[in-house]
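Peer 1: First residue of the sequence shown: 19, per the numbering used here; consecutive thereafter.
One structure coming up, written as structure tokens, with questions to follow.
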Amino acid sequence: MRREHRARPASRWSILPRLVADAPPAITLVVGAIVLILALLIITRPLTSLVLLTVYVGVSVVLSGVSEVVRTTDAGSLPRRLFGGAWIVVGLALLIGLGRTLEELPGILAMLLVLAGLASLFDAITQGSVSERVLATAWGGAQIVFGVLALTWPDVTLLVVAVVFGVRSAVFGLTLIIRGLRGFGPGSGGRRAMSDAFTAPPEYHDAPSRVAHRWRATGRFALSLVLVLLASGSWYLGSWIQSGAPVVDAFYDPPAVVPYDNGRLIRADAFSGQSPPGGDVQRILYTTRDALGRPAVASALVITPTESRPGARPVVVWNHGTTGVARGCAPSLRDASATHWAIPGLNDALERGWVVVASDYSGQGAPGVFPYLIGRGEARSSLDAVLAARELDGVALSRSTVAWGHSQGGHAALWMAEIAADYAPDIDLLGAAVLAPVTDPLELADEVTRNVATAELSIISSWVLVPYADTYDDVDLSRYVAPGAQTLVREMTQRCPTEPGVIVSVATALGVSEDSPLFPADLTTGPLGARLAENAATGPWDVPILVAWGDADEVIPARLQEGFVERACAQGDEVRWTVYAGYDHLATVLPRSRFLPVLISWTDALFTGRDAPTDDCARYADAAP
């Protein structure tokens, strides 16, 4: 007797194959061509086709849910009907809230993957042969794993899902096209099969059936193994990336009630990282004000000389360069942030008895909005760090203070010199030394956006745009970011360049750049452009300024530094500048930099008052730098 095999229900994601299963060849061919075109569009244009992807997913989910509810009529069908009802609700939510759900699409897709995984596990329990149950279990577990990973990496999810849906649809479209073309071929009615059925002996039917059954079972086991390996590898990769992310410990969480006044110490603790020769390091949490003057909290390192000396010690404020904009990017979380590799001239400063205070700025370490290239926010964080450090036991700080800063930190140091007299009059800020500084964010933005869009440029643009949008009400992300890409842009700001997770941001930026730019609007126009211009460090300054840069700077072109010096001299500021041949953006801060002796001697002259700093504006008069 011939053994019959009950076919398994088609996947709940595959309503279309069931609808066209018995369609005429012409209809099959047309549907296949349409599906193939849409699939290629989704694969090649994942960002611009987000609306199409959302509609595609929404319609598929609704139809699959309806099919599941209608076709399950047996007594044990209640769980499947519940799954079908859940798909209908989610699919309708996708379609009804289309404009809003573009940003929520990763989370919705993750939920659908988990639901589909649970449904597959239910099928594995209730029906099918051994190989079918093994495949359903592997497929269900893989979908749940991918759903969890989708919640972890929402920016990549959009691209991966677009490609997965696109490839799957392309294969299906090609299958329909081939089926349709065969339908027009000779002998398509299956006459030979019917003839064989009437003339062949019974064993002729049984043998091919058994062989085909074995091959299908073998294929299911092989596919199950692939799914297990793929899910396990993806989970391991996600765990490895997550394990490399900085951990913000409880020290940085402020208590429910903190002092209202700025510059007040909340708590202090020993720093667990490396200490410099002849220096002790503490980390502090303190009150400050953000860019708009609202109460905020920030963290900093306070590095004091080990050797005791009588009297109060002069203070050097180190303003760090770009480390990212997320909480975990705070320098005080890194092991080597209190060494001469992180703070130029640190060892020399300690030998001279100076205390070095290095703020993370608000929003790094401590919660809040990070004031990336937002002058008042950066400067207030650094000035308040000095005030808070005065409350540490066993540390006597004088009012004499000099600001140092590199790149973004140079911008902060210039703003410290600009607002110190009004914001922190108890601090006697004697001067500011800036190394390869950002002086005008708008000018720099105009310069870098002229270049070809790259993954690095997309990430840096997100670091500027998101903090500005979160700080200023008139800067709207949707005006500058491609439709549906706000999730991608915000996720880029949650990773630091030193952690493994940055490869996710790079992969996302590269994937999107092959489609369309993340930032189609000019970042130097509109409210963002006006706010960038507002944060230019323009002075005038009542204290000496020391500026150093390399003529091979690949981040901030030397001519921008020259323009800054020219403007400062024209308005009567006291500026000393020095340019180093062959130095790139980081070279001035490295331990062997030829600039460091200049930095130390210039700062020492300010603290001791023995030698007035050189004023190159007066020395060279009309000469350009």
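All C-beta atoms in this analysis are idealised placements derived from N, C-alpha and C, irrespective of residue type, glycine included.
Can you round the beta-carbon distance between Val482 and Val507 to whole angstroms, since I take them to be within the 8 Å contact cut?
Peer 2: The residue labelled residue 482 in the question sits at position 464 within the sequence shown. The residue labelled residue 507 in the question sits at position 489 within the sequence shown. That pair is no contact at about 11 Å.
Peer 1: Is Glu474 closer than 8 Å to Pro7 when the C-beta atoms are compared?
Peer 2: There is simply no residue 7 to check, as the chain begins at 19 and stops at 643 in what is shown.
Peer 1: Leaving out the 5 sequence neighbours to the left and right, which residues in its chain are closer than 6 Å to Arg628 when beta-carbon positions are compared?
Peer 2: The residue you call residue 628 lines up with position 610 of the sequence shown. Scanning its chain for C-beta atoms nearer than 6 Å, with the 5 sequence neighbours on each side dropped, one finds no residue around Arg628.
Peer 1: Spell out a yes or no on whether the stretch 566–573 and the stretch 596–605 are touching, meaning 3 or more CB-CB pairs, one atom from each, closer than 8 Å.
Peer 2: Yes, they touch.
Peer 1: Return the CA-CA distance between Gly491 and Tyr498, expressed in angstroms with no decimal places.
Peer 2: Position 473 of the sequence shown holds residue 491. Position 480 of the sequence shown holds residue 498. Correcting the residue type first, residue 491 is Asp in the shown sequence and not Gly. Their Cα atoms are separated by approximately 14 Å.
Peer 1: Could you tell me the boundaries of the beta strand (DSSP E) in which Asn365 lies?
Peer 2: Along the sequence shown, one-based indexing puts residue 365 at 347. Where Asn365 is concerned, there is no enclosing beta strand (DSSP E), although the alpha helix (DSSP H) it sits in stretches over Leu364 to Glu369.
Peer 1: Please report the distance separating the alpha-carbon of Val77 from that of Val108.
Peer 2: The residue you call residue 77 lines up with position 59 of the sequence shown. The residue you call residue 108 lines up with position 90 of the sequence shown. Cα to Cα, Val77 sits roughly 10 Å from Val108.
Peer 1: Looking at Trp372: is its Cβ nearer than 8 Å to the Cβ of Val335?
Peer 2: Position 354 of the sequence shown, counted from the first residue, corresponds to residue 372. Position 317 of the sequence shown, counted from the first residue, corresponds to residue 335. Going by C-beta atoms, Trp372 is not nearer than 8 Å to Val335.
Peer 1: So Ile563 and Val607 are supposed to be a Cβ contact under 8 Å. How far apart are they, rounded?
Peer 2: Counting from 1 along the sequence shown, the entry for residue 563 is found at position 545. Counting from 1 along the sequence shown, the entry for residue 607 is found at position 589. Not confirmed; about 17 Å, so no contact.
Peer 1: Taking Ile302 as the reference, give the member of Leu351, Ile126, Arg513 and Pro323 with the closest Cα.
Peer 2: Stepping through the sequence shown from its first residue, residue 302 is reached at position 284. Among Leu351, Ile126, Arg513 and Pro323, the Cα nearest to that of Ile302 is on Leu351.
Peer 1: Taking the beta strand (DSSP E) that Tyr304 belongs to, which residues open and close that run?
Peer 2: Counted from its first residue, the sequence shown places residue 304 at position 286. Taken as a continuous stretch (DSSP letters only), the beta strand (DSSP E) holding Tyr304 covers Gly297 to Arg307.
Peer 1: In three-state terms, what does DSSP make of Tyr490?
Peer 2: For the purposes of this step, residue 490 is taken as residue 472 along the sequence shown, with counting starting at 1. Three-state result, Tyr490: coil.
Peer 1: Using only CA atoms, which one of Gly201, Thr467 and Ala414 lies nearest to Ala375?
Peer 2: By 1-based counting over the sequence shown, the position of residue 375 is 357. The displayed chain sequence assigns Val, not Ala, to residue 375. Val375 has its Cα closest to that of Ala414, out of Gly201, Thr467 and Ala414.
Peer 1: Could you say if the stretch 149–157 and the stretch 238–248 meet the contact criterion of at least three C-beta pairs nearer than 8 Å?
Peer 2: yes
Peer 1: Closer than 6 Å by C-beta to Arg238: which residues in its own chain qualify, once you throw out the five before and the five after it? Chain order, please.
Peer 2: Here residue 238 refers to the residue found at position 220 of the sequence shown. So the qualifying residues of the chain are Ser149 and Leu153.
Peer 1: By the 10 Å Cβ neighbour count, where 16 or more other Cβ atoms means buried, how is Arg408 classified, buried or exposed?
Peer 2: The count along the sequence shown starts at 1 and reaches residue 408 at position 390. Classification of Arg408: buried, given that the 10 Å Cβ count is 16 or more.
Peer 1: Beta-carbon within less than 8 Å of Thr341's beta-carbon, same chain only, minus the 5 sequence neighbours each way: which residues are those?
Peer 2: Residue mapping note: residue 341 aligns to position 323 of the sequence shown, counting from 1. Cβ within range, chain order: Cys347, Ala348, Pro349, Gln382, Cys514, Pro515 and Thr516.
Peer 1: When the Cα of Ala316 is compared with those of Arg331, Trp253 and Phe388, which residue comes out closest?
Peer 2: Counted from its first residue, the sequence shown places residue 316 at position 298. Selected option, being the one with the closest Cα: Phe388.
Peer 1: Report the residue from Ile259, Asp366, Gly329 and Arg285 whose alpha carbon sits nearest the alpha carbon of Gly296.
Peer 2: Translated into the one-based positions of the sequence shown, residue 296 becomes position 278. Selected option, being the one with the closest Cα: Asp366.
Peer 1: Go ahead and label Ala215 buried or exposed: buried means 16 or more other beta carbons lie within 10 angstroms of its beta carbon, across all protein chains shown.
Peer 2: Walking along the sequence shown from the start, residue 215 turns up at place 197. Only weak support exists for where Ala215 lies, its pLDDT of 35 falling under 50; the coordinates are left without a value.
Peer 1: My output table needs one value for Arg394: the three-state DSSP class, helix, strand or coil.
Peer 2: Here residue 394 refers to the residue found at position 376 when the sequence shown is read from its first residue. Helix at Arg394.
Peer 1: What residue range does the alpha helix (DSSP H) around Trp157 cover?
Peer 2: Counted from its first residue, the sequence shown places residue 157 at position 139. Taken as a continuous stretch (DSSP letters only), the alpha helix (DSSP H) holding Trp157 covers Val148 to Thr170.
Peer 1: Any heavy atom of the ligand HEM closer than 7 Å to the beta-carbon of Met510?
Peer 2: Absence of the ligand HEM from the depicted structure is noted, as is the absence of any ligand whatsoever, leaving it without description.
Peer 1: Compare the C-alpha of Leu578 against each of Ala636, Asp622, Ser425 and Pro323 and name the closest.
Peer 2: In the sequence shown, counting from the first residue as 1, residue 578 sits at position 560. Taking only the C-alpha atoms, the option nearest Leu578 is Ser425.
Peer 1: Short check: CB of Ala344 to CB of Gln512, under 8 Å?
Peer 2: In the sequence shown, the residue the question calls residue 344 occupies position 326. In the sequence shown, the residue the question calls residue 512 occupies position 494. Result yes, Cβ atoms of Ala344 and Gln512 sit closer than 8 Å.
Peer 1: With three or more beta-carbon pairs closer than 8 Å as the criterion, would you say the stretch 579–590 touches the stretch 612–622?
Peer 2: no
Peer 1: In terms of DSSP beta bridges, what is Ala421 paired with?
Peer 2: Reading the sequence shown from its first residue, position 403 is the one you call residue 421. In DSSP, Ala421 forms a bridge with Val335 and Ala450.
Peer 1: Pull up the distance between the alpha-carbon of Arg209 and that of Arg200, whole angstroms please.
Peer 2: Taking the first residue of the sequence shown as 1, we reach residue 209 at position 191. Taking the first residue of the sequence shown as 1, we reach residue 200 at position 182. For Arg209, the predicted model reports a pLDDT of 39, less than 50, meaning its position is unreliable and no value from the coordinates is stated.
Peer 1: Just tell me which of Ala51, Val420 and Ile437 has its CA closest to the CA of Arg398.
Peer 2: Within the sequence shown, residue 398 is the residue found at index 380, counting from 1. Closest by alpha carbon: Ile437.
Peer 1: Can you say whether Thr236 is buried or exposed, counting buried as having 16 or more other CB atoms within 10 angstroms of its CB?
Peer 2: Stepping through the sequence shown from its first residue, residue 236 is reached at position 218. By the 10 Å Cβ count, Thr236 comes out exposed.
Peer 1: Please report the straight-line C-alpha distance between Ala288 and Ile321, rounded to a whole angstrom.
Peer 2: Numbered from 1 along the sequence shown, position 270 holds the residue referred to as residue 288. Numbered from 1 along the sequence shown, position 303 holds the residue referred to as residue 321. Between Ala288 and Ile321, the C-alpha separation is close to 11 Å.
Peer 1: Give the DSSP-derived three-state secondary structure of Asp18 in the structure shown.
Peer 2: Residue 18 lies beyond the stretch modelled for the chain, which goes from 19 to 643, so this question has no answer here.
Peer 1: What is the DSSP secondary structure of Tyr254, counted as helix, strand or coil?
Peer 2: In the sequence shown, the residue the question calls residue 254 occupies position 236. Three-state DSSP puts Tyr254 in a helix.
Peer 1: Alpha carbon to alpha carbon, what distance is there between Ala421 and His603?
Peer 2: Position 585 of the sequence shown, counting from 1, holds the residue named residue 603. Position 403 of the sequence shown, counting from 1, holds the residue named residue 421. The straight-line gap from Cα to Cα measures roughly 19 Å.
Peer 1: Suppose contacts are defined by Cβ-Cβ distances below 8 Å. Is Trp433 in contact with Ala555 by that definition?
Peer 2: In the sequence shown, residue 433 corresponds to position 415, counting from 1. In the sequence shown, residue 555 corresponds to position 537, counting from 1. Yes, Cβ-Cβ distance for Trp433 and Ala555 is below 8 Å.
Peer 1: Let me know if Ala75 comes out buried or exposed under the rule of 16 or more other beta-carbons within 10 Å of its beta-carbon.
Peer 2: Here residue 75 is taken as the residue at index 57 of the sequence shown, counted from 1. The displayed chain sequence assigns Val, not Ala, to residue 75. With 16 or more other Cβ atoms within 10 Å, it is buried.
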